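Numbering (full-length UniProt numbering), first residue to last: 1 to 414. Just so it is clear, CB atoms sit at the ideal spot from N, CA and C, and this is done for glycine as well. All figures in this text were calculated on a predicted structure; none of them were measured in a lab.
Below you can see the structure in the form of C-alpha cells.
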C-alpha cells in the first residue's frame, strides 16, 4: 500500500491479508502483499477480522475444536509410496504471504520457538529445523504462523492487537488443519515430518487458544475459558495418534526432528510420603470403595480408573521427585504424555463429567501447573482444578482441595 498516499488521505492500512481492506475499497495496489518464492501453495483470502466480541461466548479465541470438527486420523496406506513434491502439496504455484506473515515468521524464530521445551537440543530443532521444513511444506508454514500469531496475541497488552493476532492465528490454523487432515490418509517418509511438527504445535495451540484472548480483562491471557473438560484432550489426541504407527515413528527418528521424540527416560520413582497418602486416598475413593455417583460406578469404570491412576502416579512420582534425573529431560513432553496415553474410555468418562475422571483431572493439574512459566500453560493448573470443582457433586468436592492448594487456587472464591 502506498504509504505517502495513505498519509495524504488520512487513512491507514489495516494490514489484512492477502490485501488490506482499505486498499481494496480504494482500488489501490497494496505493497504489503508479495509472493514468497518456492512455496507451491495458494492461500485463500482471509476474512477481515472483527475486533469486537459478538457474544459472551466469544470472549476467547475461536475453539480449536470448532476449527477441526471430528478430526480423526485415517487408516494408513498399507505401503506408502515415496512422496514427490506434488504429494506434499498439490496446490497451484504462487504462494502469497504478507509482510505481516513475515513478521510472524521472524517472531517465531527469535521468540516463539524458545517456548516449546526445557531442553536446549529440542529448542534448536524447533528454531532451525522446523522453519526449514516449513519452507518446503506450505501448510506447515501456516501452522508455524498460527502458533507464532497466537504467541503474539498472548504478548499484547493492547486489546485491539490481541484480538487481531488471535484472529490471524485462527485463520492460519484453519488452513493448516484442513491440509493435514487430508494428508493423514497418505503418510510417507517425506511428508510425515510436517505432520509430526504440526501435531506438536497443535498440542500447544490447543492449550494457548483456550485463554480469554478476546476479553479486555488485563489477566485474560492467563485465564482459561471452556465448558467441556475433555474438549482439549480429544483434539490433542486426534492427530498424534497416527504417529504411533511403527513406520512413521522410525521415519521421524531418521529425520532432524529426532530429539523431540526423546523427552527423556521416565524411571520408576518412589512417591513422597505426602503423595503416597494422596494416591492411597484416590485409590480408595475411585477403585476400592467408590464414593456415591449417579449412575453408580461399574467394574469397567473402576478398571479404567485403576489403569489411568497408576499411570498418573508413575508420572507424578517422576516429575515431582526431589532428585535430578540422569540425562536430559523435556519437562513439557513428559508432562503431556499422560493425557495422550490414558484409555479412550477415560476421556469418554471425562466428557460425561463422571466424578472419578474429574478428580483425576484435578490431580493432573498439579503437573500442568509446573509449566505455568510458559505462555500457553498459564492458568491451566488453576483452571483445571476450578472446572473439576464446579462439575463435581458435593460429596466429591473434598478430593480436589489438595490439588487446589498445590496450584494456589482458592476454591471458596469460585
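Buried versus exposed, by CB contacts within 10 Å (16 or more), residue i
| i | result |
| --- | --- |
| residue 188 | buried |
| residue 57 | With a pLDDT of 37 at residue 57, under the threshold of 50, the modelled position of that residue is not reliable, and no figure is offered here. |
| residue 225 | buried |
| residue 277 | exposed |
| residue 147 | buried |
| residue 233 | buried |
| residue 120 | exposed |
| residue 85 | Annotation note: pLDDT 33 at residue 85 (below 50); position unreliable, coordinate value reported separately. Per the 10 Å Cβ criterion, exposed. |
| residue 218 | exposed |
| residue 215 | buried |
| residue 306 | exposed |
| residue 270 | exposed |
Limits of the unbroken alpha helix (DSSP H) element including residue i
| i | result |
| --- | --- |
| residue 416 | Lying outside 1 to 414, the shown extent of the chain, residue 416 is not represented and no answer is given. |
| residue 203 | 192 to 209 |
| residue 346 | 344 to 351 |
| residue 155 | 138 to 155 |
| residue 165 | 159 to 183 |
| residue 275 | 273 to 283 |
| residue 121 | 120 to 124 |
| residue 131 | 130 to 135 |
| residue 333 | 331 to 335 |
Residues of its chain near residue i, where Cβ-Cβ distance is below 8 Å and the 5 sequence neighbours each way are ignored
| i | result |
| --- | --- |
| residue 364 | 312, 338, 339 and 384 |
| residue 355 | 291, 293, 392, 393 and 396 |
| residue 402 | 278 |
| residue 109 | 127 and 131 |
Spatially closest choice to residue i from the options, by CA coordinates
| i | options | result |
| --- | --- | --- |
| residue 295 | 330, 275 and 353 | 353 |
| residue 370 | 123, 321 and 347 | 321 |
| residue 165 | 191, 107 and 122 | 107 |
| residue 255 | 152, 307, 193 and 228 | 193 |
| residue 174 | 143, 191 and 128 | 143 |
| residue 275 | 319, 186, 264 and 260 | 319 |
| residue 97 | 131, 120, 124 and 138 | 138 |
| residue 267 | 228, 117, 285 and 314 | 314 |
| residue 264 | 145, 334, 178 and 344 | 334 |
| residue 373 | 116, 103 and 104 | 116 |
| residue 123 | 257, 145 and 135 | 257 |
Chain-order list of residues whose beta-carbon lies under 6 Å from that of residue i (same chain, five-residue window excluded)
| i | result |
| --- | --- |
| residue 168 | 149 |
| residue 208 | 150 and 376 |
| residue 221 | 154 and 211 |
| residue 362 | 385, 388, 400 and 403 |
| residue 251 | 189 and 192 |
| residue 113 | 126 and 127 |
| residue 406 | 366 |
Start and end residues, beta strand (DSSP E) containing residue i
| i | result |
| --- | --- |
| residue 96 | 96 to 98 |
Nonlocal neighbours in the same chain, by C-beta distance under 7 Å from residue i, ignoring five residues either side
| i | result |
| --- | --- |
| residue 336 | 203 |
| residue 162 | 153, 156 and 213 |
| residue 342 | 308 and 311 |
| residue 183 | 191 and 195 |
| residue 228 | 351 |
| residue 273 | none |
Start-end ranges of the alpha helix (DSSP H) lying completely within the region 363 to 400, minimum 4 residues: For the region 363 to 400, whole alpha helix (DSSP H) runs of length 4 or above, ordered along the chain, are 380 to 391.
Complete beta strand (DSSP E) runs within the region 215 to 260 (minimum length 3 residues, chain order): The beta strand (DSSP E) runs lying completely inside the region 215 to 260 and spanning 3 residues or more number zero.
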